[in-house]
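See structure below.
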Amino acid sequence: MKKIGVSILLGILLLGFTVGMSAAEQESIPATAAPEQSNQAITGPDQEPGQPGEGGQPALPQPEVVTLSLEQSIDLALANNPEVIQAKLDRDKASVDLDSAIDAARKIDENPGSYEKALVKEVNPKICESALRIAGKVYEIKLNSIRLSAEKAYYDVLKARRAVEIKEAALKRAEEQLRQARLNYQVGTVARNDVLSAEVQVAQAKAELTAARNQKDYVEMTFNKTLGTDLKKPFNLSSQFSYEPIEVDLDRVLAEQVDNQLSVIQARENLSSAKLKLACAGKYWAPNVYTYQLVKIEVDKAEIKYNQAVKDATLQIYQAYNTLQAAKDMVEMYQKAVEQAKESARLTNLRYQVGLATSLETINASLALSQAEDKALQAIYDYNLAKAKFKYNLFDLSTGSSASSASSGM
Numbered sequence: 000m001k002k003i004g005v006s007i008l009l010g011i012l013l014l015g016f017t018v019g020m021s022a023a024e025q026e027s028i029p030a031t032a033a034p035e036q037s038n039q040a041i042t043g044p045d046q047e048p049g050q051p052g053e054g055g056q057p058a059l060p061q062p063e064v065v066t067l068s069l070e071q072s073i074d075l076a077l078a079n080n081p082e083v084i085q086a087k088l089d090r091d092k093a094s095v096d097l098d099s100a101i102d103a104a105r106k107i108d109e110n111p112g113s114y115e116k117a118l119v120k121e122v123n124p125k126i127c128e129s130a131l132r133i134a135g136k137v138y139e140i141k142l143n144s145i146r147l148s149a150e151k152a153y154y155d156v157l158k159a160r161r162a163v164e165i166k167e168a169a170l171k172r173a174e175e176q177l178r179q180a181r182l183n184y185q186v187g188t189v190a191r192n193d194v195l196s197a198e199v200q201v202a203q204a205k206a207e208l209t210a211a212r213n214q215k216d217y218v219e220m221t222f223n224k225t226l227g228t229d230l231k232k233p234f235n236l237s238s239q240f241s242y243e244p245i246e247v248d249l250d251r252v253l254a255e256q257v258d259n260q261l262s263v264i265q266a267r268e269n270l271s272s273a274k275l276k277l278a279c280a281g282k283y284w285a286p287n288v289y290t291y292q293l294v295k296i297e298v299d300k301a302e303i304k305y306n307q308a309v310k311d312a313t314l315q316i317y318q319a320y321n322t323l324q325a326a327k328d329m330v331e332m333y334q335k336a337v338e339q340a341k342e343s344a345r346l347t348n349l350r351y352q353v354g355l356a357t358s359l360e361t362i363n364a365s366l367a368l369s370q371a372e373d374k375a376l377q378a379i380y381d382y383n384l385a386k387a388k389f390k391y392n393l394f395d396l397s398t399g400s401s402a403s404s405a406s407s408g409m
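Here the sequence shown stands for residues 0 to 409, where the numbers follow numbering that gives the first Met the number 0.
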């Protein structure tokens, strides 16, 4: 029994030694029998390395970036805006109404015999002609209104993208100030408070950059909506957001455009129609008859509205001109302010590096530069929009938004 126990013990020890040797030998043998596994995804014959292949997650298609000039953006907006079609249909309807009025007038004898028939024969066709002229003007204004909206949206994107660049530069300056503050703190030339102030400035710059990027994304989607495309479609804008001053001959604009404003055209056509009704009423009614007197009152009211429309249009053009000139002055002022702020920030930073300026002074100089750049950008934006009003002769934007209802109201 003792020999059997010893034999069993020796067998167990031998088995353990053999297993240990096998494991050690397996670890020392290179794993060439199995195919080598790679961290990269398996690619097909037509795929670039690193792209998911069969059996992996499908790759998301990268949207095509289309380059658009300002003119191309305007053309795209005109092609996709349903309001253009609506204005054209209103114009077509006015043309059909005129044909119908002319046809009805032909059915009336040369001597109508009554005021009501005379209105159908002599006045209604003229009123429909006025409605057609107004509908044509509404269509023209609608086109220019969409052009202006597309141009504004284009400028909005350029402005938002430039704002992101300004905020990125501000963050870079803040990070450099923080780096300098930490170095100065390590050598004992500034207090811990300088580092904390610089850290706060970096955090604020990051927050402003995030807000600018969010605003850019929103503005880009609004731009796409104006063009009638997918909200997330990326565009590369080729036209520059720049300051190119123009000279406006105010007297010429007043002489050419006051009578060409929609409100003035509507008031003038309404006055003409009222006078036609009065002339027709005078053939059948004496001036002391109520019917004639009511028509005469309509003429007087139409004349007051016409004179008021002329004054309003004149004031709107004056206001647009003054806005343009004020925007021009603001651009030139803030361009100089940016130059001054850049130099001030540079000198303040140099003084801080040699211990002649405080961290608060450097922070204030950096903030002043960012604010000057923001205001200069806004001034250029305002000037371009003010200039666009003269480009499209749209001085009363409310008439553009209500143009369709104005044409159908005749």
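All C-beta atoms, glycine included, are put in the ideal place defined by N, C-alpha and C.
Residue(s) in a DSSP beta bridge with residue i
i, result
"Thr322", "Per DSSP, none; premise fails for Thr322."
"Val431", "Because the chain spans 0 through 409 in this model, residue 431 falls outside it and cannot be assessed."
Span of the beta strand (DSSP E) around residue i
i, result
"Thr188", "Thr188 -> no beta strand (DSSP E), and no H or E assigned at all."
Residue interval of the alpha helix (DSSP H) (run including residue i)
i, result
"Leu277", "Leu261 to Gly281"
"Tyr391", "Ser358 to Tyr391"
"Gln239", "Here Gln239 belongs to no alpha helix (DSSP H), and DSSP marks it neither H nor E."
"Lys84", "Looking at the sequence itself, residue 84 is Ile, so the reference to Lys does not match. Unbroken alpha helix (DSSP H) run through Ile84: Pro81 to Arg105."
"Glu255", "Leu249 to Gln256"
"Glu115", "Tyr114 to Ala117"
Inter-residue CB distance, residue i and residue j (contact presumed, cutoff 8 angstroms)
i, j, result
"Ile264", "Ile133", "6 angstroms"
"Gln170", "Ala204", "Checking the sequence, you will find Leu at residue 170 rather than Gln. The Cβ separation is near 4 angstroms, so the contact holds."
"Val64", "Asn235", "5 angstroms"
"Ala168", "Lys215", "In fact, because the Cβ distance is near 15 angstroms, the residues do not count as touching under 8 angstroms."
"Ala319", "Lys388", "5 angstroms"
"Leu97", "Pro62", "At roughly 48 angstroms, the Cβ-Cβ gap does not stay under 8 angstroms, so Leu97 and Pro62 are not in contact."
"Ser238", "Ser68", "5 angstroms"
"Ile73", "Glu150", "7 angstroms"
"Leu77", "Ile145", "6 angstroms"
Sequence-distant residues of the same chain with beta carbon closer than 7 angstroms to residue i, five excluded per side
i, result
"Asn79", "Leu226 and Gly227"
"Glu26", "Here Glu26 scores only 39 on pLDDT, less than 50, and its place in the model is too uncertain to base an answer on."
"Gly420", "Residue 420 is absent from the model: the chain starts at 0 and stops at 409."
"Glu198", "Leu177"
"Gly187", "none"
"Arg212", "Val163"
"Thr66", "Asn235 and Ser237"
Proximity below 7 angstroms, CB of residue i to CB of residue j
i, j, result
"Ala270", "Tyr305", "The question names Ala, yet the displayed sequence has Leu at residue 270. For Leu270 and Tyr305, yes; Cβs fall inside 7 angstroms."
"Val337", "Glu372", "yes"
"Ala326", "Tyr391", "no"
"Val294", "Ala280", "yes"
"Leu323", "Val298", "no"
"Ala100", "Lys120", "no"
"Leu182", "Val201", "no"
"Ala364", "Ala344", "yes"
"Lys423", "Glu70", "The shown model of the chain, from 0 to 409, leaves out residue 423, and the question about it has no answer."
"Ile347", "Glu360", "The residue you asked about is not Ile; residue 347 is Thr in the sequence shown. Result yes, Cβ atoms of Thr347 and Glu360 sit closer than 7 angstroms."
"Ala206", "Ser358", "no"
"Ala173", "Val137", "no"
"Val122", "Leu249", "no"
"Leu393", "Leu147", "yes"
"Ala130", "Ala93", "yes"
"Lys374", "Tyr333", "yes"
Short CB-CB distance (under 7 angstroms) between residue i and chain B
i, result
"Gly112", "Of the protein chains in this structure there is only one, and it is not chain B."
Own chain, CB closer than 8 angstroms to residue i, minus 5 neighbours either side, in chain order
i, result
"Asp395", "Gln260, Leu261, Ser262, Asp311, Ala312 and Gln315"
"Phe240", "Tyr154, Leu157, Lys158, Arg161, Ile379, Tyr380 and Asn383"
"Val257", "Val263, Val309, Ala312, Thr313 and Ile316"
"Leu376", "Lys158, Arg161, Ala162 and Ile165"
"Ser113", "Tyr283"
"Leu208", "Val163, Lys166, Glu167, Ala169 and Leu170"
"Asn143", "Tyr391, Asn392, Leu393 and Gly399"
"Glu128", "Leu97"
Residues of its chain near residue i, where Cβ-Cβ distance is below 6 angstroms and the 5 sequence neighbours each way are ignored
i, result
"Met220", "Leu230"
"Arg350", "Ala356"
"Ile362", "Gln200"
"Tyr291", "Ala280 and Trp284"
"Ser196", "Ser358"
"Glu175", "none"
Cβ-heavy atom distance, residue i to the ligand NAP, below 6 angstroms
i, result
"Ser196", "This structure lacks the ligand NAP; in fact it carries no ligand of any kind."
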